[in-house]
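Here's the structure we're looking at; comments come further down.
Numbering (the numbering used here), first residue to last: 251 to 337.
What follows is the structure, given as structure tokens:
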């Protein structure tokens, strides 16, 4: 389940004392990435909204080489922290 997607289909009950409920259609974890059909649909809605926003972003372009260098640095730092904690 992706962060921020799980509660997209929750609906408030008519009385405030009742617990919030949602309908769920469980999906086979060997076939599907999401726990429920509702989670998959919520992610699809988010994704279809987010892509045009990012394509329209007027921020500066970052060269691929710069992104890869930063990614390598982050991975090396994480590996160093992991080795340090293992002793």
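Glycine residues also receive a C-beta, built at the ideal position from the N, C-alpha and C atoms.
For residue 321, the three-state secondary structure derived from DSSP is helix. Inclusion of residue 283 and residue 274 in the CB contact set at 8 Å is not warranted, their separation being larger than that value.
Separation of residue 304 and residue 286 (C-alpha to C-alpha, rounded to the nearest whole angstrom) is 27 Å. In the three-state reduction of the DSSP assignment, residue 274 falls in the coil class. In the DSSP annotation of this structure, the continuous segment of the alpha helix (DSSP H) that includes residue 291 starts and ends at 287-305.
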